[in-house]
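The structure appears right after this line, and notes come after that.
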Amino acid sequence: MRPERTTAAPPPITPQTVTRTELHNGLVVLVREQPASGMVAVQGFVKAGAMYDGDRSGVARFATAVLPRGTRTRSSQEIADALEGMGAALSFRLDVEWISITFRALREDFRAAVEIFSDVLIEPTFPSDEVEKARGEILTAIRVGMQDTRHVAERAFRGLMFPAGHPHSRTPDGDEEVVSSVTPDELHAFHDARVRPEATVLAIAGDVTATDALSMIGERFSGWSRRGVWALPPTPPVQRPDEPVRRDVRMTGKMQSDLVLGSPGVARTEAGYYEAMVANLILGQIGLMGRLGDSVRERQGMAYYAYSDLRAGLLAGPWWVRAGVNPKNEEPAIASIVEELRLFQEQGPDESELGDARDHLIGSLAVRLETNAGIAQTLADIELFSLGLDHLERYPAIIRRITAESVRRAAGRLSPDEYYVAIAGPPQGPP
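Going by this note's numbering, the first residue of the sequence shown is number 559, and it counts up by one from there.
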């Protein structure tokens with residue numbers, strides 16, 4: 559189903575045009591009415607990501623995969639058939655810090671779809687047959703990933719930069735040994751402990767009134783019992799190295815090397831986030847992947863791809879540069895990346911780059927708000943990070959205030975002298 563674009567010209571998204579309600583159990587619901595669109599979109603988060611796996615890496619992924627595959631009243635097939643029959647869709651995706659929810663339905667089917675959605679989220683049964691199906695799927699994905707130099711490089715980088723026990727020290731994929739031994743009881747225990755109303759945000763946008771939407775959600779979710787106060791897990795500090803720290807993973811039979819080079823980044827609500835976001839755009843995102851793509855890939859021909867990415871969530875994730883290279887170009891590519899980082903820290907962006915980045919950020923938000931799903935996702939983000947319902951009104955001014963000098967300073971986090979680098983590639987590279 560194509561994303562439903564709003565057809566009218568509703569009022570701007572402001573605190574006055576968004577209804578925010580917190581149920582008695584801590585579940586937060588936001589509603590934005592978009593009349594005449596014919597569709598209703600729900601985006602949300604449960605703060606129950608892979609960071610709660612502890613020493614059982616893979617349980618969260620397993621639970622997320624089996625969540626929609628059976629409840630006390632519906633089998634996996636009955637859930638799928640009911641959603642398909644009404645043209646609705648429901649999916650969950652695991653990340654390090656949360657489980658993302660994506661849900662949509664036609665206006666006339668929204669109540670029935672909410673019944674299924676609530677059933678899936680609150681009362682999954684993790685049937686043994688579905689657990690075994692998911693086990694095979696997840697194990698296959700893990701084994702395929704461990705043969706992929708790009709994936710292996712990321713795993714090596716995370717383990718190199720983040721200390722043991724840090725939520726970002728592992729990918730959300732899970733460990734083969736753990737996934738092989740997970741039981742339905744363990745999935746139930748994870749769900750009972752972590753999938754909780756006080757850790758959940760639901761944002762609704764579409765052709766439904768706030769009164770009706772809140773009534774439907776209240777009917778289905780008010781009986782969901784609160785478990786206490788949600789909190790982030792203990793997080794050990796991440797150290798910046800005094801000099802470059804490197805890890806090589808050599809894999810036979812590979813024709814390409816993939817590298818990840820980076821440093822600790824920023825949290826979404828941390829001072830300097832917006833400046834770092836602009837720096838990242840200019841370095842390795844905008845256009846053909848920014849300065850890095852232009853220099854390392856286009857002009858020097860040293861990489862099949864090169865870009866940067868800033869992972870900012872409730873916690874500070876990595877700020878990294880990633881590249882795929884011919885194995886003989888590993889060292890020149892690293893040197894070229896480091897040189898681009900050094901130039902950016904010394905000179906900062908020029909006014910043209912800064913203007914393009916500002917326009918991109920403001921313009922891309924406007925595009926995002928053209929769909930119900932985009933509106934719902936934006937509202938869910940605003941709630942997750944406690945940005946305030948006036949955030950969209952303030953956002954253009956926040957971006958316009960960013961200066962070239964503040965961007966240059968923010969880029970200092972991605973240091974050309976104090977970084978971690980992990981490489982996965984064939985044995986022909988350095989030992």
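Backbone N, C-alpha and C define an ideal beta-carbon position, used for all residues, glycine too.
- Excluding sequence positions up to five before and after Leu-872, its CB lies within less than 6 Å of the CB of Glu-655, all in the same chain and listed in chain order.
- For the pair Arg-959 and Gly-906, the CB atoms are not nearer than the 8 Å cut-off.
- The straight-line gap separating the alpha-carbon atoms of Asp-975 and Pro-755 is approximately 45 Å.
- For Leu-625, the secondary structure class from DSSP, reduced to helix, strand or coil, is coil.
- Fewer than three Cβ pairs drawn from the region 753-772 and the region 731-740 lie within less than 8 Å of each other, which leaves the two stretches out of contact.
- In this model, Tyr-831 and Gln-843 are separated by some 16 Å (Cα to Cα).
- Gly-983 counts as buried, since at least 16 other C-beta atoms from the protein chains shown sit within 10 angstroms of its C-beta.
- Ala-893 sits exposed, since fewer than 16 C-beta atoms from the chains shown fall within 10 Å of its C-beta.
- Counting along the chain, the unbroken beta strand (DSSP E) around Ala-763 starts and ends at 758-764.
- The residue among Gly-946, Gly-845 and Arg-669 with its C-alpha nearest the C-alpha of Asp-914 is Gly-845.
- By the Cβ rule, the region 660-677 counts as touching the region 628-646, because three or more pairs are nearer than 8 Å.
- Annotation: the continuous beta strand (DSSP E) that includes Val-600 extends over 597-604.
- Burial state of Arg-701 is exposed, judged by a 10 Å Cβ sphere holding fewer than 16 other Cβ atoms.
- Taking C-beta atoms under 8 Å as the contact rule, Ile-933 and Leu-927 qualify, at a distance of about 6 Å.
- Within the region 730-813, complete alpha helix (DSSP H) segments of at least 4 residues are found at 734-739, 742-752 and 768-779, given in chain order.
- In this structure, the alpha-carbon of Pro-799 lies about 54 Å from that of Ala-640.
- Listed in chain order, the alpha helix (DSSP H) elements of length 4 or more contained wholly in the region 910-941 amount to none.
- Listed in chain order, the non-local C-beta contacts of Gln-858 below 7 Å within the same chain comprise Ser-894, local neighbours out to five positions each way being set aside.
- In the structure shown, Tyr-832 adopts helical secondary structure according to DSSP, grouped into three states.
- In this structure, Tyr-865 places its C-beta atom within 8 Å of the C-beta atom of Arg-880.
- Ala-618 is positioned such that its CB atom lies closer than 8 Å to that of Ala-608.
- Contact between Ser-821 and Ser-649 is absent: CB atoms are separated by about 33 Å, not below the 8 Å threshold.
- Residue environment for Leu-901: exposed (fewer than 16 other C-beta atoms within 10 angstroms of its C-beta).
- The Cβ neighbour count for Gly-694, taken over all protein chains shown within 10 Å, is under 16; the residue is labelled exposed.
- The Cβ neighbour count for Ser-773, taken over all protein chains shown within 10 Å, is under 16; the residue is labelled exposed.
- The beta carbons of Ser-944 and Thr-827 sit about 7 Å from each other, so the pair counts as a contact at 8 Å.
- Counting along the chain, Val-883 sits inside the beta strand (DSSP E) bounded by residues 874-883.
- Here Ile-571 carries a coil assignment [DSSP, helix/strand/coil].
- Counting only the Cα atoms, Met-809 lies some 6 Å from Pro-985.
- Residues of the same chain with a CB within less than 6 Å of the CB of Phe-748, apart from the 5 flanking positions on each side, are Val-617 and Ala-621 in chain order.
- The shortest C-alpha to C-alpha distance from Ile-956 to any of Ile-920, Ile-940, Ala-938 and Leu-947 is the one to Ile-920.
- Secondary structure note for Val-965: its alpha helix (DSSP H) is the uninterrupted segment 962-968.
- Gly-612 and Arg-630 have their C-alpha atoms spaced approximately 28 Å apart.
- The alpha-carbon separation between Ser-676 and Arg-778 amounts to approximately 6 Å.
- With a beta-carbon spacing of about 5 Å, Pro-682 and Leu-625 fall inside the 8 Å limit used to define contacts.
- Looking at the DSSP output, Arg-590 shares a beta bridge with Ala-763.
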